[in-house]
Amino acid sequence: MAEFKEVSPNAGAGEKLMNWIDNRFPATKLFKEHMSEYYAPKNFNFWYIFGSLALLVLVIQIVTGIFLVMNYKPDAALAFGSVEYIMRDVPWGWLIRYMHSTGASAFFVVVYLHMFRGLLYGSYRKPRELVWIFGCAIFLCLMAEAFMGYLLPWGQMSYWGAQVIVNLFSAIPFVGPDLALWIRGDYVVGDATLNRFFSFHVIAVPLVLLGLVVAHIIALHEVGSNNPDGVEIKGPNAPKDANGHPLDGVPFHPFYTVHDIFGVSVFLMVFSAIIFFAPEVGGYFLEANNFIPANPLQTPAEIAPVWYFTPFYAMLRSVTSEMVYALMACVVAGAAFGVIKTKMPALFKGILVLVAAGLVAAMLNTDAKFWGVMVMGGAVVILFFLPWLDRSPVKSIRYRPGWHKYVYAVFVVYFAVLAYIGTVPPSPTLNLISQTGTFYYFGFFLLMPWWSRLGTPKPVPARITFAAH
């Protein structure tokens, strides 16, 4: 047991209280390690606000979710009515519900921007691989949380959206039908599905999500924050002052806590404006069909997921029988490149050829729906491998060859276009565009080991660039 610290008898009540706590729990030590003595690069910019905003939205979702659960009934016969009861009869229930529904979309907005910043500045590169992997796991967990919560209002779009997505699992060969039945708990989405989704949404997934957030922050504070220059401020060769603190860093508190408070203020103004003036956001945050009770006998004219899933839904929808042949051509081309151009041992080349042949055979004998599911899942899973796909000699987009910025810009444009296409009914033209966007999305990552090394990078400064302001 550590030795108890003593304070002067003349110390104030607050100091005595903190000393009593610190002798039993390292509150001050934790505050210093993670706030007042955690040194962050002093050249953070606008893009570094979204991590803090994600934490804020997580708190909003937990608090509003607690109050919603107090009045919600996870019963197929009562769920829709309980939501209407919250909206109409519970004091301030409409505000809590709109905060929660707007918070769900806000969560994805800040997480997408947070991930894009990591992509721009190479925040996934050594030594931050685990920080990135935990972040991707948070994103995957967040998608599961949103999907399960989406069913709970028991509206038309909630019901049929869940029906369509769960039915996708039935496309998996051999185990698909049984897996879909196990997820639903019944042959169709019903009371059993609602109850299990409710339990996962309220208890299981949030616990995993909180654990991943803690792991993400611990890993970040262990290796230190990245910065727009991609220059390490805490390495053995980084300049330090007489106390061993990095010269290019500042304590997170108070410098960035004040910075974050300003960002939070702006965010809350926008957040409040949406809640009070446009909580449905034209049907993107809350669809009109979700104000109609779920009817298993009447399918909506168009079933589409919420906007934050639509890029991946568009990829799923783009995989047609014709596109499968294009995928086969890509597999053959990739295997040929690996055999001819790489210096792998002959054994690995043989394995590569066998795997490619097996994939082509599977594509010829499996329905396109299954490969659509694989493409949709692969679009998320591939993010986990980004630290090993990027082979650029520099981290930050600031010092990469100029044409790399256009590669990133086209990636962003295609992702936004896919998000839009996923919200509208399919057509031959839109399907062709979504197929092109899908190929570009995967090409961006799978070809990154080659294109990221092309071109001459700009000289990276020994220290971060910073202009006092």
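Start counting the sequence shown at 3; every next residue gets the next number (the working numbering). Positions of the beta carbon are idealized from the N, C-alpha and C atoms, including for glycine. In this text, all values refer to a predicted model and were calculated from it rather than measured experimentally.
For residue i, the three-state DSSP class (helix, strand or coil)
i, result
"residue 303", "coil"
"residue 364", "helix"
"residue 275", "helix"
"residue 397", "coil"
"residue 74", "coil"
"residue 189", "coil"
"residue 485", "This structure does not reach residue 485, given that the chain is present from 3 up to 471, and the question cannot be answered."
"residue 178", "helix"
"residue 124", "coil"
"residue 163", "helix"
"residue 53", "helix"
"residue 157", "strand"
"residue 466", "coil"
"residue 430", "helix"
"residue 209", "helix"
"residue 448", "helix"
"residue 130", "coil"
"residue 147", "helix"
"residue 141", "helix"
"residue 441", "helix"
"residue 456", "coil"
"residue 171", "helix"
"residue 136", "helix"
"residue 6", "coil"
Presumed contact (8 angstroms Cβ cut-off) between residue i and residue j, rounded CB distance
i, j, result
"residue 302", "residue 291", "5 angstroms"
"residue 483", "residue 314", "With the chain represented from 3 up to 471, any question about residue 483 goes unanswered, as that position is not in the structure."
"residue 41", "residue 148", "Their Cβ separation, rounded to whole angstroms, is 35 angstroms, which puts residue 41 and residue 148 out of contact at 8 angstroms."
"residue 207", "residue 165", "Actually they are not in contact, since the Cβ atoms of residue 207 and residue 165 sit about 20 angstroms apart, beyond 8 angstroms."
"residue 392", "residue 330", "No, residue 392 and residue 330 are not in contact; Cβ-Cβ is about 27 angstroms, not under 8 angstroms."
"residue 232", "residue 124", "5 angstroms"
"residue 66", "residue 14", "Residue 66 to residue 14, Cβ: 38 angstroms. No contact."
"residue 440", "residue 341", "Not really, about 26 angstroms apart at Cβ, beyond 8 angstroms."
"residue 265", "residue 51", "4 angstroms"
"residue 100", "residue 389", "Not a contact, Cβ separation roughly 38 angstroms."
"residue 196", "residue 81", "6 angstroms"
"residue 465", "residue 243", "So it is not a contact: roughly 13 angstroms between Cβ atoms."
"residue 294", "residue 157", "6 angstroms"
"residue 463", "residue 227", "Between residue 227 and residue 463 the Cβ distance is about 17 angstroms, and since that is not below 8 angstroms, they are no contact."
"residue 442", "residue 422", "Contact doesn't hold; Cβ gap of about 15 angstroms is too wide."
Nearest-angstrom Cα separation, counted from residue j out to residue i
i, j, result
"residue 424", "residue 17", "58 angstroms"
"residue 189", "residue 152", "20 angstroms"
"residue 219", "residue 360", "41 angstroms"
"residue 32", "residue 317", "44 angstroms"
"residue 281", "residue 394", "43 angstroms"
"residue 333", "residue 327", "10 angstroms"
"residue 401", "residue 110", "29 angstroms"
"residue 224", "residue 209", "23 angstroms"
"residue 201", "residue 154", "11 angstroms"
"residue 283", "residue 107", "10 angstroms"
"residue 38", "residue 296", "52 angstroms"
"residue 397", "residue 408", "16 angstroms"
"residue 362", "residue 335", "12 angstroms"
"residue 121", "residue 234", "17 angstroms"
"residue 298", "residue 143", "28 angstroms"
"residue 353", "residue 371", "27 angstroms"
"residue 272", "residue 469", "29 angstroms"
"residue 185", "residue 312", "22 angstroms"
"residue 379", "residue 350", "26 angstroms"
"residue 399", "residue 406", "8 angstroms"
"residue 137", "residue 369", "33 angstroms"
"residue 159", "residue 103", "15 angstroms"
"residue 346", "residue 356", "15 angstroms"
"residue 246", "residue 222", "20 angstroms"
"residue 373", "residue 364", "10 angstroms"
"residue 2", "residue 304", "The requested residue 2 does not occur in the structure, where the chain is confined to residues 3 to 471."
"residue 69", "residue 198", "20 angstroms"
"residue 385", "residue 413", "14 angstroms"
Handout entry: Sequence ranges, alpha helix (DSSP H) only - wholly within the stretch 214 to 291, length at least 4
Key = Fully enclosed alpha helix (DSSP H) runs of no fewer than 4 residues occupy 259 to 279 of the stretch 214 to 291, in order along the chain.
Problem - Inter-stretch contact at 8 angstroms, needing at least 3 Cβ pairs: the stretch 250 to 263 / the stretch 74 to 89 - result: In short, these stretches do not touch, since the Cβ pair count stays below three.
Practice task
Output the residue ranges of the alpha helix (DSSP H) runs that lie fully inside the stretch 368 to 426 and measure 4 residues or longer, sorted by chain position.
Solution key: Secondary structure within the stretch 368 to 426: the alpha helix (DSSP H) runs of 4 or more consecutive residues, fully enclosed, are 370 to 383, 388 to 391, 404 to 423 (chain order).
Practice task
Report yes or no: do three or more beta-carbon pairs, one from the stretch 178 to 193 and one from the stretch 321 to 336, lie closer than 8 angstroms?
Solution key: The stretch 178 to 193 makes no contact with the stretch 321 to 336, as fewer than three CB pairs between them are under 8 angstroms.
Problem - Stretch-stretch touch, CB-based, cutoff 8 angstroms, three pairs: the stretch 452 to 469 with the stretch 419 to 436 - result: Segments in contact, no.
Handout entry: Every unbroken alpha helix (DSSP H) within the stretch 8 to 49, with a cutoff of 4 residues, ordered by chain
Key = Runs found: 15 to 24, 29 to 33.
Practice task
Only counting runs of 4 or more residues, tell me where the alpha helix (DSSP H) segments fall wholly within the stretch 304 to 367, in order along the chain.
Solution key: Every alpha helix (DSSP H) stretch that sits fully inside the stretch 304 to 367 and reaches 4 residues is listed by chain position as 312 to 320, 323 to 343, 348 to 367.
Exercise for the section: Decide yes or no for the touch test of the stretch 9 to 25 against the stretch 88 to 103: beta carbon pairs closer than 8 angstroms, at least 3 of them. Expected result: Between the stretch 9 to 25 and the stretch 88 to 103 there are fewer than three inter-stretch CB-CB distances shorter than 8 angstroms, so the stretches are not counted as touching.
Problem - In chain order, each beta strand (DSSP E) run of at least 3 residues that lies wholly inside the stretch 67 to 116 - result: Restricted to the stretch 67 to 116, not a single beta strand (DSSP E) segment is unbroken, complete and at least 3 residues in length.
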